[in-house]
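Visitor: Converting from the sequence shown to our numbering requires adding 81 to each position, the first position being numbered 1.
Idealized CB from N, CA, C, for every residue including glycine.
Got a structure for you, questions after.
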Amino acid sequence: MGRLSRGASVWIVSLLAFGWSCAEREPAADSIYFGGTVVTGDDSNPVAEAVAVRDGIIVAVGSENEVRELQAGSTRLIDLDGKTLVPGFIDGH
């Protein structure tokens, strides 16, 4: 098997880079809550730094950096200012 020419190598790398850049991204969050403690209710990971919500559904919980990957220009950012957020509670009264 022969070696690839420099031009062929550049073409292949360019094609791979283009394909990677066109990979489908997850849609942006409508709201991101950060700056406080997020109680998850998961024994293996009881607290998180941030939560993302899209169409009224929690779509991500984790570190602020992880969750902010879902931020777009239209995303509403809510600073919890050190408060605690316990998502998922529904008041039945």
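Beta carbon of residue 116: closer than 7 Å to some heavy atom of the ligand GDP?
Guide: With respect to small molecules bound, the structure shown includes none, and the ligand GDP cannot be examined in it.
Visitor: For a test of the three-state rule: what should DSSP assign to residue 172, helix, strand or coil?
Guide: If DSSP states are grouped into helix, strand and coil, residue 172 belongs with coil.
Visitor: Roughly how many angstroms separate the alpha carbons of residue 131 and residue 174, rounded to a whole number?
Guide: Roughly 28 Å between the two C-alpha positions.
Visitor: Helix or strand or just coil, what does DSSP make of residue 167?
Guide: Three-state DSSP puts residue 167 in coil, outside helix and strand.
Visitor: If you draw a straight line from the alpha carbon of residue 110 to that of residue 121, how long is it in whole angstroms?
Guide: When rounded, the distance between both Cα atoms is 18 Å.
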